[in-house]
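Okay, so here's the structure we're looking at.
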Amino acid sequence: MSRRQKEIPLSQRKLPSVVSEKARAPLAVVLGSPAEVAHCLSFLKGIDATCYQMDLHQAERLKEELTERQIAATVTTKADVWDLPNDFQTVLYLPARGGERELKIDAIEQTYHILRPHGTLLVWSPVEREPFFPAQLKKIYGRYHAPLMNGQSVLWSQREGDRPRRRHEIVFQARLADGPSHRFVSRPGVFSYGRFDNGARALVETMVVHPGDRVLDLGCGCGANGIFAAQFAGDKGHIAFLDSNLRALALAEMNARANGVLSFETVASSRVEGLREGSFDVVLANPPYYANSAIARLFIERGRALLKPRGRFYLVTKRVEEIGEVMTQTFEYVEAAMHRGYTILSNTETMA
Ligand SMILES: C[S@@+](CC[C@H](N)C(=O)[O-])C[C@H]1O[C@@H](n2cnc3c(N)ncnc32)[C@H](O)[C@@H]1O
Numbered sequence: 003m004s005r006r007q008k009e010i011p012l013s014q015r016k017l018p019s020v021v022s023e024k025a026r027a028p029l030a031v032v033l034g035s036p037a038e039v040a041h042c043l044s045f046l047k048g049i050d051a052t053c054y055q056m057d058l059h060q061a062e063r064l065k066e067e068l069t070e071r072q073i074a075a076t077v078t079t080k081a082d083v084w085d086l087p088n089d090f091q092t093v094l095y096l097p098a099r100g101g102e103r104e105l106k107i108d109a110i111e112q113t114y115h116i117l118r119p120h121g122t123l124l125v126w127s128p129v130e131r132e133p134f135f136p137a138q139l140k141k142i143y144g145r146y147h148a149p150l151m152n153g154q155s156v157l158w159s160q161r162e163g164d165r166p167r168r169r170h171e172i173v174f175q176a177r178l179a180d181g182p183s184h185r186f187v188s189r190p191g192v193f194s195y196g197r198f199d200n201g202a203r204a205l206v207e208t209m210v211v212h213p214g215d216r217v218l219d220l221g222c223g224c225g226a227n228g229i230f231a232a233q234f235a236g237d238k239g240h241i242a243f244l245d246s247n248l249r250a251l252a253l254a255e256m257n258a259r260a261n262g263v264l265s266f267e268t269v270a271s272s273r274v275e276g277l278r279e280g281s282f283d284v285v286l287a288n289p290p291y292y293a294n295s296a297i298a299r300l301f302i303e304r305g306r307a308l309l310k311p312r313g314r315f316y317l318v319t320k321r322v323e324e325i326g327e328v329m330t331q332t333f334e335y336v337e338a339a340m341h342r343g344y345t346i347l348s349n350t351e352t353m354a
């Protein structure tokens, strides 16, 4: 098979026969892009299916895709796969090409716990002969089957017996200057796994937060930025953590509590909704680089709407030109400060 053929996305390939033969209701489809999930279900019409997504944005796109193709399936968004009922006869897991290795291990582990006894896990990977999955399936399920599929990579295993739940997580510590050290729990699928991101550090070392401030940690990940902000906002301050990724929000809540943040809320939204406009003194954002600058634009425009009249907006980026333009379209005054190789764009004078 040529290299070109190998790169055909799952959403353009015929569903392998082993998947249609083994898929029995109730079926859970775990992760996968909206196009891939809808594509698979178009071959399994009428099957009772639940699609798991971790992120609200992906879930919304998947619902649209399913509606467009007139496919009836439930789409559910939760922090963990094992938050679904443990009553599925089949799980079809669609790992992302080049996706995070730890998230794949975590997904394989968690699928075990939502299968009925003797239920089947099917893994349809876009990467042919990926050595990674056989080893993981063997470790978690005991056995795996890899039918010869003429260039397709499908593996399957059966749940036999019980195994204790093993949560994949890394705890990291971080501090600002001589301040107290904070401990953060991070999990696969949430930025940034296992470490305090350098861009985030540049952001929180630049922000100015006063006692009593209401701070929005926009796209909070595991909540580190808001938790550092709470250090300055103090007992009278308030932190709102917002993210579209439900695992991120679960972590932010847990980390805020463990680090002694007294007054906080978590908001699940992919459109930066659910908070009162004009009610924040500070908004902090470290937007992702995917989706061009669409998410940065959303964060900037909605962030501005949520700020009090003299509120301070801080965004860290390496894509200064593109995002700087959105900032100048949105705020009257914009300043750029370089710190640790990043640029912090703000509507106020920065200290860095
Ligand atoms: C680069 S990470 C930053 C995480 C953390 N604040 C930090 O600085 O380490 C960007 C975050 O934005 C979130 N995000 C992406 N698109 C979003 C959207 N449409 N609405 C809300 N959050 C979103 C992602 O889930 C991710 O947690």
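Going by our numbering, the sequence shown opens with residue 3, and the numbers climb by one from there. For glycine and all other residues, C-beta sits at the position ideal for the given N, C-alpha and C.
Considering Cα atoms alone, identify which of the options is closest to residue i.
i: Ser183; options: His147, Ile229, Glu275; result: Ile229
i: Leu218; options: Gly121, Ser194, Ala270; result: Ala270
i: Gly163; options: Ala202, His120, Tyr195, Val187; result: His120
i: Leu29; options: Gly305, Asp57, Pro11, Asp89; result: Asp89
i: Trp126; options: Gly276, Asn288, Ser22; result: Ser22
i: Arg26; options: Gly100, Ala298, Gln160, Ala137; result: Gln160
i: Arg133; options: Val206, Lys47, Arg103; result: What sits at residue 133 in the sequence shown is Pro, not Arg. Among Val206, Lys47, Arg103, the Cα nearest to that of Pro133 belongs to Arg103.
Please list the terminal residues of the continuous alpha helix (DSSP H) segment that includes residue i.
i: Thr208; result: 200-208
i: Pro136; result: 134-143
i: Thr113; result: 103-114
Compute the Euclidean distance between the alpha carbons of residue i and residue j, then round it to the nearest angstrom.
i: Arg312; j: Val285; result: 12 angstroms
i: Tyr357; j: Ala226; result: This structure gives no information on residue 357, because the portion of the chain shown stretches from 3 to 354.
i: Gly144; j: Leu309; result: 53 angstroms
i: His147; j: Tyr292; result: 35 angstroms
i: Thr92; j: Lys24; result: 8 angstroms
i: Val77; j: Leu94; result: 14 angstroms
i: Gln112; j: Asp82; result: 8 angstroms
i: Gly223; j: Thr268; result: 11 angstroms
i: Met3; j: Phe234; result: Note that Met3 scores 43 on pLDDT, short of 50, meaning its location in the model is unreliable and no value can be drawn from it.
i: Lys16; j: Gln331; result: 46 angstroms
i: Arg314; j: Leu96; result: 41 angstroms
i: Gly305; j: His212; result: 18 angstroms
i: Val192; j: Asn247; result: 8 angstroms
i: Gly34; j: Asp237; result: 42 angstroms
i: Val318; j: Leu347; result: 6 angstroms
i: Ala396; j: Gly280; result: In the structure as shown, the chain starts at 3 and stops at 354, and residue 396 therefore has no counterpart that could be examined.
Quick check on residue i: does DSSP put it in helix, strand or coil?
i: Asp82; result: coil
i: Ile325; result: helix
i: His212; result: coil
i: Met56; result: coil
i: Leu33; result: coil
i: Phe301; result: helix
i: Val20; result: helix
i: Gln175; result: strand
i: Glu67; result: helix
i: Arg185; result: strand
Pop quiz: residue i and residue j are said to be a contact at Cβ under 8 angstroms. What is the actual Cβ separation, rounded to whole angstroms?
i: Ala204; j: His341; result: 4 angstroms
i: Ile107; j: His170; result: 6 angstroms
i: Leu124; j: Trp158; result: 5 angstroms
Which residues mark the beginning and the end of the beta strand (DSSP E) in which residue i is found?
i: Gly121; result: 117-127
i: Val318; result: 309-319
i: Gln233; result: Per DSSP, Gln233 belongs to no beta strand (DSSP E); it is in the alpha helix (DSSP H), 226-235.
i: Arg259; result: Premise fails: Arg259 lies in the alpha helix (DSSP H), 248-260, not in any beta strand (DSSP E).
i: Thr268; result: 266-270
i: Ile10; result: It is not in any beta strand (DSSP E) - Ile10 carries neither H nor E in the DSSP assignment.
i: Ala27; result: From DSSP, Ala27 is part of no beta strand (DSSP E); its letter is neither H nor E.
i: Ser155; result: 155-160
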